[in-house]
Amino acid sequence: MRKSPQPLTNFGQGYYISNQLGRRNLNPNQIAYLRGKRYETEKKIVSNESGANQYTKEVGSHLATQPKTSEVLGSEYGVHKSTIIRNANFAKVIDILPEEVKNDVLSGEEKISRTMTDAILDFDKPTQKKFIKEKNGITFLTIWRRNFEP
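The opening residue of the sequence shown carries number 618 in the numbering used here; numbering runs sequentially from there.
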């Protein structure tokens, strides 16, 4: 995956991610990461462009409730909404990791389990920052893997 030369808007980033997901040469980690990033960006997009609120007079029938972003993306990709939420958590953890480890995980050389992802997100921010720090080529992730994973 190439980095974009300029920052993208939410709509531009959504298009870029959709374009990347349309390719067939992505491994499961890359697919999960891109789905998670798309979920995060689409949550930020304002869905109430008309500016209606509870005091706006309704014309016709009741305003239809909009489906959740995870449900929309889940139906688009053919997976359950909880898979999309897990992918978003995976993407958050990948963004915390150092660049070398991030590339290894996305290429499929390193693996991060769902339990490890949940555990990392349960840490407070200073502990999460330990994942970024690298000392003598060893990250906290490798120490975690040695001590806590079977």
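Think of the CB as a built atom: it goes at the ideal place given N, C-alpha and C, for glycine as much as any other residue. A quick note: this is a predicted structure, and the numbers were derived from the prediction, not measured.
*When we look at the beta-carbon of residue 654 and count the other beta-carbons within 10 Å, is it buried (16 or more) or exposed?*
Your numbering for residue 654 matches position 37 in the sequence shown. It counts as buried.
*My guess is that residue 646 and residue 722 are in contact by the Cβ rule of under 8 angstroms, so how many angstroms apart are they, rounded?*
Residue numbering aside, residue 646 sits at position 29 when the sequence shown is read from its first letter. Residue numbering aside, residue 722 sits at position 105 when the sequence shown is read from its first letter. About 6 angstroms separates the CB atoms of residue 646 and residue 722; that is less than 8 angstroms, so the two are in contact.
*Out of 703, 725, 636 and 726, point me to the one whose CA is closest to residue 737's CA.*
Position 120 of the sequence shown, counted from the start, is the residue given in the question as residue 737. Per the C-alpha coordinates, the member of 703, 725, 636 and 726 positioned closest to residue 737 is 703.
*Is residue 729 helix, strand or coil when you go by DSSP?*
Along the sequence shown, one-based indexing puts residue 729 at 112. Correct three-state label for residue 729: coil.
*In angstroms, rounded to a whole number, what distance separates the CA positions of residue 701 and residue 661?*
To locate residue 701, count along the sequence shown from 1; it is residue 84. To locate residue 661, count along the sequence shown from 1; it is residue 44. If you take the alpha carbons of residue 701 and residue 661, they lie about 15 angstroms apart.
*Using the beta-carbon count (16 or more within 10 Å), is residue 734 buried or exposed?*
Position 117 of the sequence shown, counted from the first residue, corresponds to residue 734. With 16 or more Cβ atoms within 10 Å of its Cβ, residue 734 is classed as buried.
_Given this structure, state the Cα-to-Cα distance separating residue 727 from residue 693, to the nearest angstrom._
Position 110 of the sequence shown holds residue 727. Position 76 of the sequence shown holds residue 693. A straight line joining the alpha-carbon of residue 727 with that of residue 693 spans about 28 angstroms.
*Neighbour-count burial assignment, residue 594, 16 or more Cβ in a 10 Å radius*: The question about residue 594 has no answer, for the chain in this structure spans 618 to 767.
*If we ignore side chains and look at the alpha-carbon of each, how far apart do residue 643 and residue 635 end up?*
By 1-based counting over the sequence shown, the position of residue 643 is 26. By 1-based counting over the sequence shown, the position of residue 635 is 18. Their backbone Cα atoms lie some 12 angstroms apart in a straight line.
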